[in-house]
Amino acid sequence: MVINNKERAEMLRQLAGTNVSLCIQCGRCSANCPVAWKMDVLPHRFVYELLNGGNVDVLLEAKSPWKCLSCFSCAERCPKGVSPAAIMEAVRLTHIRAQGNNKLNPADLENYDDKMPQQAIVAAFRKFNK
Amino acid sequence: MQKIGVFVCWCGSNIAGTVDVAAVVEAVKKIPDVAYAVDYKYMCSEEGQKIIKDAVEEYGLDRIVVCSCSPRMHEATFRKCAESIGINPYMVEIANIREQCSWVLKDVKVATEKAIQLAKAAIAKVRFNNPLHPGQSQVVKRALVIGGGIAGIQTALDIADAGYKVDILEKEPTIGGKMAQIDKTFPTLDCSACILTPKMVDAACHENITIHTYSDLEAVSGYVGNFDVTIRKKARSVKADICSGCGICTEKCPARKTPSEFDEGLRNRGAIYIPFAQAIPKVPVIDREACLKFKTGKCGVCSIVCPNGAIDYTQEDELITEKYGAIVLATGFELIDLENYGNLGYGRSKNVITSMQLERLTNAAGPTEGHLVCPASGKEPKSVVIVSCVGSRDTSGRGKTYCSKVCCMYNAKHAMYIREKYPNVDVTVFYIDVRTPGKGFDEFQRRAVEEYGVHYVRGQVGKIMSDKEGNLTVFASDLNSGRHLMLNPDLVVLACAVKPAKDARKLASMLTASIDTNDFYVEAHPKLRPVESPTAGIFLSGMCQGPKDIPETVSQAGAAAAKVIGLLAKDKLMTNPCTAKCNEQICSGCLTCTNVCPYGAISGVEKEVVTLNGTREKRVVAVVNEALCQGCGACTVACPSASMDLQGFTNKQILAEVDALC
Ligand SMILES: Cc1cc2nc3c(=O)[nH]c(=O)nc-3n(C[C@H](O)[C@H](O)[C@H](O)COP(=O)(O)OP(=O)(O)OC[C@H]3O[C@@H](n4cnc5c(N)ncnc54)[C@H](O)[C@@H]3O)c2cc1C
Ligand code: SF4
Ligand code: SF4
Ligand code: SF4
Ligand code: SF4
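Residue numbers (numbering that gives the first Met the number 0), protein chains in the order written: chain A, 0 to 129; chain B, 0 to 661.
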């Protein structure tokens with residue numbers, strides 16, 4: 000199945016769950032990001048491509064999501080309540096999912112340490128179990 | 000037998016595009032007492048009104064139902080039409096089949112069905128209509144303008160020039176408002192004081208204008224044409240009639256720890272002070288919270304130095320009562336607090352200032368005599384960053400959702416001030432959009448770039464950090480190049496959002512004027528009645544109605560004055576006869592209604608009434624003052640014995656409407 004850019008943009012939007020249409024492209028997220036100076040593609044661009052540009056490749060190829068600290072400064076300072084951090088996370092998830100058949104098998108749960116926090120297990124399902 | 004005429008309007012295709020008007024006519028014709036029904040393209044037109052008049056004559060109609068647009072649009076038109084052929088105007092009912100039907104529905108079948116229902120309800124109501132007759136009330140030929148900024152001054156001057164008395168009520172010790180603080184004004188860059196102070200003087204000298212400064216609105220009652228107002232003239236502690244305004248007291252006052260409001264905290268003022276040199280009146284006030292005499296009982300320097308013996312520590316607030324025909328709100332604006340924008344460093348670094356502070360720093364009469372310096376070091380800056388939209392266009396809950404409208408223009412102005420006087424200072428403006436519509440406005444902003452070499456960077460400032468010496472580091476984004484920037488300007492200017500005056504909401508409730516979620520006063524109609532409040536007799540002028548610059552403020556001020564003059568020129572006003580009426584026979588005198596009436600129109604009166612079984616007895620009943628009643632109907636629903644009824648909207652009429660629908 001060939002997935003075009005429009006569909007991939009929609010998938011990313013859904014994964015991110017933040018309303019990109021609120022963005023006024025002010026750039027405050029990028030200005031506030033503590034690691035923006037290390038990023039190849041700035042946070043506001045992640046919102047922009049999902050809103051108008053549709054160039055999802057540029058987001059998926061960017062190194063920025065791996066520099067992102069998930070500190071949420073961008074979301075905190077956004078005047079419109081958009082969360083670029085959520086899109087960073089969506090891009091990371093997309094990569095992880097694309098790694099193929101590394102699903103977490105519920106049967107394997109027995110082999111995990113009892114002390115493993117429930118939240119981590121749930122998170123692992125979310126990340127590895129498409 | 001009643002003879003009802005039903006007139007169904009197409010409103011071009013506005014109604015007829017979605018509602019089958021012919022089907023509505025057919026349906027209503029079947030209703031008993033409907034003597035005539037017809038549809039027409041534009042009922043409000045001369046031709047349409049003629050159809051109504053002809054039908055009244057031909058069929059002897061005594062009641063009229065018009066199925067058309069909202070009664071807000073044309074109820075008055077059709078009432079006048081009825082009156083012209085001898086039918087009481089209150090025998091007309093409107094079924095709103097446009098705003099409440101054709102505009103909100105898409106399906107012709109559904110819309111037609113609803114239009115028929117609405118017509119039926121109006122017909123059911125009109126059966127119970129009674130002729131009503133408006134009363135008359137006097138108009139007091141005097142206006143009150145609340146707020147003495149450029150808006151209030153201009154409105155007052157225009158009303159006064161037309162020959163009516165006007166009082167200006169200003170809370171500060173002087174009139175002038177924000178315009179008095181501004182250095183030069185866009186788009187012409189003329190000196191603000193040079194164009195404002197002549198107007199202030201004109202107002203002060205005008206035989207028809209009385210100015211009450213350092214005063215608050217204490218109480219208001221009454222209604223259009225007849226407002227009773229109490230003004231609290233706060234104690235200045237200075238006898239205005241003997242003070243010569245020499246200012247010696249303000250120089251010698253030793254209590255100098257209070258930041259000057261007029262200079263935006265960039266210098267301190269004495270406890271006794273005159274806000275600025277051209278203040279009107281030029282009479283100081285003692286700020287009793289700061290004054291040593293009031294705090295400790297010691298000092299009294301001002302009374303010693305005053306050559307005229309004008310200081311009076313025992314002066315008390317004075318209450319003035321006056322009657323007015325009209326009230327104009329011109330309370331202007333303030334800048335938002337920046338407490339939610341801690342990342343921008345305001346308050347932590349003295350070198351981060353607001354745009355209004357910059358106005359004071361560049362003003363020749365300001366704290367630095369117009370020398371632009373960094374407040375922390377006192378040195379001239381080498382580079383300046385201007386940040387637009389601080390707290391504007393922000394829906395996150397921290398700032399204001401609207402665009403403040405004036406900052407894009409004053410940012411360009413500020414950049415030009417600086418580059419003009421200090422060509423070596425680098426100025427960078429960070430912007431989201433540059434919004435400069437208006438005559439000569441875009442050209443003005445472009446001059447900043449083309450002639451003055453101001454850098455405009457599309458992007459925003461994130462964090463501003465300051466070290467111990469006050470050196471600033473600014474993190475920002477440059478969206479066009481996709482770069483993250485780190486700058487070290489010496490001075491940062493924040494163009495922060497405007498907001499309505501602090502007391503706007505309080506005044507709105509005192510005057511029952513409407514206000515929006517941002518506390519800006521609401522106009523009666525955003526397009527067609529922009530300077531009137533929905534409350535009769537209350538008018539709006541200037542920034543208190545929404546962000547606007549001086550040219551717009553002055554035009555609106557003139558428009559508000561024209562409306563006031565139109566009102567004061569009338570000798571008598573027709574009152575709305577749709578007021579509440581108490582059925583004294585069944586009123587139990589519980590007076591629940593007096594508590595719910597927002598206009599204080601009802602009072603309990605002891606009088607002799609005829610009871611239901613015909614006997615006479617003396618007891619307390621509710622009595623409505625028709626002049627005060629605005630016909631809101633709150634009392635009619637509150638009354639436990641159903642003795643309150645709203646004329647024109649009686650319980651019988653409303654229930655008949657509901658019955659027709661169900
Ligand atoms: C930094 C800055 C620069 C600007 N530069 C320009 C420019 O160059 N050109 C331009 O066209 N516009 C400019 N403006 C806009 C301009 O300031 C406004 O358009 C104008 O001042 C609005 O006038 P106003 O009378 O409505 O309000 P204000 O000037 O705010 O006056 C309102 C008055 O009402 C009084 N008041 C408030 N509440 C009460 C109350 N409860 N009772 C009694 N009195 C009350 C206030 O004390 C004040 O005196 C600038 C604005 C800012 C912030
Ligand atoms: S801060 Fe918010 S509105 Fe501004 S560019 Fe980033 S996501 Fe868009
Ligand atoms: S969450 Fe990521 S993108 Fe957002 S500010 Fe923090 S590091 Fe930057
Ligand atoms: S010293 Fe006296 S006369 Fe002079 S300004 Fe002060 S109060 Fe007025
Ligand atoms: S006028 Fe300009 S700076 Fe001010 S809020 Fe609007 S867009 Fe922002």
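Think of the CB as a built atom: it goes at the ideal place given N, C-alpha and C, for glycine as much as any other residue.
Member of the options whose CA lies at the smallest distance from the CA of residue i
{"i": "Gly469 of chain B", "options": "B:Leu478, B:Ala54, B:Pro374, B:Glu419", "result": "B:Pro374"}
{"i": "Leu318 of chain B", "options": "B:Asp518, B:Tyr213, B:Arg71, B:Ser69", "result": "B:Tyr213"}
{"i": "Ile310 of chain B", "options": "B:Ser395, B:Ala239, B:Ile63", "result": "B:Ala239"}
{"i": "Ala500 of chain B", "options": "B:Pro70, B:Ser465, B:Gly545", "result": "B:Gly545"}
{"i": "Ile181 of chain B", "options": "B:Gly264, B:Pro274, B:Phe127, B:Gln356", "result": "B:Gln356"}
{"i": "Cys638 of chain B", "options": "B:Leu627, B:Gly588, B:Gly344", "result": "B:Gly588"}
{"i": "His132 of chain B", "options": "B:Gly221, B:Tyr89, B:Ser83", "result": "B:Tyr89"}
{"i": "Pro186 of chain B", "options": "B:Arg445, B:Val473, B:Glu605, B:Glu656", "result": "B:Arg445"}
{"i": "Ser642 of chain B", "options": "B:Leu590, B:Asn624, B:Leu484", "result": "B:Leu590"}
{"i": "Asn612 of chain B", "options": "B:Gly599, B:Ile585, B:Gly603, B:Val604", "result": "B:Ile585"}
{"i": "His73 of chain B", "options": "B:Leu572, B:Glu57, B:Arg97", "result": "B:Arg97"}
{"i": "Lys37 of chain A", "options": "B:Glu656, B:Ser640, B:Arg482", "result": "B:Arg482"}
{"i": "Ala351 of chain B", "options": "B:Asp466, B:Gly536, B:Thr313, B:Asn129", "result": "The amino acid occupying residue 351 of chain B in the given sequence is Val; Ala does not appear at that position. Val351 of chain B has its Cα closest to that of B:Asp466, out of B:Asp466, B:Gly536, B:Thr313, B:Asn129."}
{"i": "Phe293 of chain B", "options": "B:Ala270, B:Lys233, B:Glu45", "result": "B:Ala270"}
{"i": "Ala142 of chain B", "options": "B:Ala568, B:Asp286, B:Cys298", "result": "B:Ala568"}
{"i": "Arg662 of chain B", "options": "B:Tyr272, B:Glu206, B:Glu217", "result": "Nothing about residue 662 of chain B can be read from this structure; chain B reaches only from 0 to 661."}
{"i": "Asp664 of chain B", "options": "B:Glu206, B:Thr111, B:Ala120", "result": "A question about residue 664 of chain B goes unanswered here, because the residues of chain B that appear run from 0 up to 661."}
{"i": "Ser136 of chain B", "options": "B:Lys571, B:Asn95, B:Gln277, B:Phe261", "result": "B:Lys571"}
{"i": "Phe648 of chain B", "options": "B:Lys322, B:Asn129, B:Val144, B:Gln116", "result": "B:Asn129"}
{"i": "Val636 of chain B", "options": "B:Ser602, B:Thr610, B:Asn594, B:Leu660", "result": "B:Asn594"}
{"i": "Gly299 of chain B", "options": "B:Cys248, B:Ile279, B:Leu328", "result": "B:Cys248"}
{"i": "Cys246 of chain B", "options": "B:Asp157, B:Thr614, B:Ser554, B:Gln277", "result": "It should be noted that the sequence gives Gly, not Cys, for residue 246 of chain B. The shortest Cα separation from Gly246 of chain B among B:Asp157, B:Thr614, B:Ser554, B:Gln277 belongs to B:Gln277."}
{"i": "Ala621 of chain B", "options": "B:Glu656, B:Met42, B:Cys634", "result": "B:Cys634"}
{"i": "Thr746 of chain B", "options": "B:Val657, B:Gly11, B:Ala503, B:Gly47", "result": "Because residue 746 of chain B is not part of the residues shown, which for chain B are 0 to 661, the question remains open."}
{"i": "Thr173 of chain B", "options": "B:Pro525, B:Asn267, B:Val284", "result": "B:Val284"}
{"i": "Phe440 of chain B", "options": "B:Leu188, B:Val64, B:Pro274", "result": "B:Leu188"}
{"i": "Pro488 of chain B", "options": "B:Ile653, B:Asp425, B:Ala579", "result": "B:Asp425"}
{"i": "Val223 of chain B", "options": "B:Val623, B:Asn624, B:Thr552, B:Thr534", "result": "B:Thr534"}
{"i": "Leu334 of chain B", "options": "B:Cys290, B:Gly390, B:Ile385", "result": "B:Gly390"}
{"i": "Asp262 of chain B", "options": "B:Ile167, B:Gly369, B:Glu288", "result": "B:Gly369"}
{"i": "Ser44 of chain B", "options": "B:Glu625, B:Lys420, B:Val33, B:Phe6", "result": "B:Phe6"}
{"i": "Leu627 of chain B", "options": "B:Cys577, B:Arg615, B:Lys170", "result": "B:Cys577"}
For residue j and residue i, believed in contact at Cβ under 8 Å, the rounded distance
{"i": "Leu478 of chain B", "j": "Gly26 of chain A", "result": "5 Å"}
{"i": "Cys73 of chain A", "j": "Asn31 of chain A", "result": "6 Å"}
{"i": "Ala475 of chain B", "j": "Leu490 of chain B", "result": "So it is not a contact: roughly 15 Å between Cβ atoms."}
{"i": "Ile210 of chain B", "j": "Ala203 of chain B", "result": "6 Å"}
{"i": "Thr394 of chain B", "j": "Gly80 of chain A", "result": "6 Å"}
{"i": "Tyr430 of chain B", "j": "Arg457 of chain B", "result": "6 Å"}
{"i": "Asp227 of chain B", "j": "Gly221 of chain B", "result": "5 Å"}
{"i": "Val19 of chain A", "j": "Val40 of chain A", "result": "Not confirmed; about 15 Å, so no contact."}
{"i": "Ala447 of chain B", "j": "Met415 of chain B", "result": "5 Å"}
{"i": "Cys77 of chain A", "j": "Leu50 of chain A", "result": "So it is not a contact: roughly 13 Å between Cβ atoms."}
Bridge partners - residue i, DSSP secondary structure assignment
{"i": "His43 of chain A", "result": "For His43 of chain A, which the question treats as bridged, DSSP gives no partner whatsoever."}
{"i": "Lys617 of chain B", "result": "B:Glu607"}
{"i": "Asp570 of chain B", "result": "Note: Asp570 of chain B sits in no beta bridge, so no partner."}
{"i": "Ile208 of chain B", "result": "B:Val165"}
{"i": "Cys190 of chain B", "result": "B:Lys183"}
{"i": "Arg141 of chain B", "result": "B:Lys164"}
{"i": "Leu337 of chain B", "result": "According to DSSP, Leu337 of chain B bridges with nothing at all."}
{"i": "Arg231 of chain B", "result": "B:Asp215, B:Leu318"}
{"i": "Lys580 of chain B", "result": "B:Asp644"}
{"i": "Glu92 of chain B", "result": "B:Val64"}
{"i": "Leu539 of chain B", "result": "B:Leu328"}
CB contact below 9 Å: residue i versus chain E
{"i": "Met38 of chain A", "result": "Included in the structure are the protein chains A and B, with no chain E among them."}
* **4 or more residues per run - each alpha helix (DSSP H) lying fully within the stretch 416 to 451 of chain B** => 440 to 449
* **Minimum length 3: unbroken beta strand (DSSP E) runs contained in the stretch 332 to 416 of chain B** => 332 to 334, 351 to 353, 382 to 389
* Start-end ranges of the beta strand (DSSP E) lying completely within the stretch 515 to 563 of chain B, minimum 3 residues -> 537 to 539
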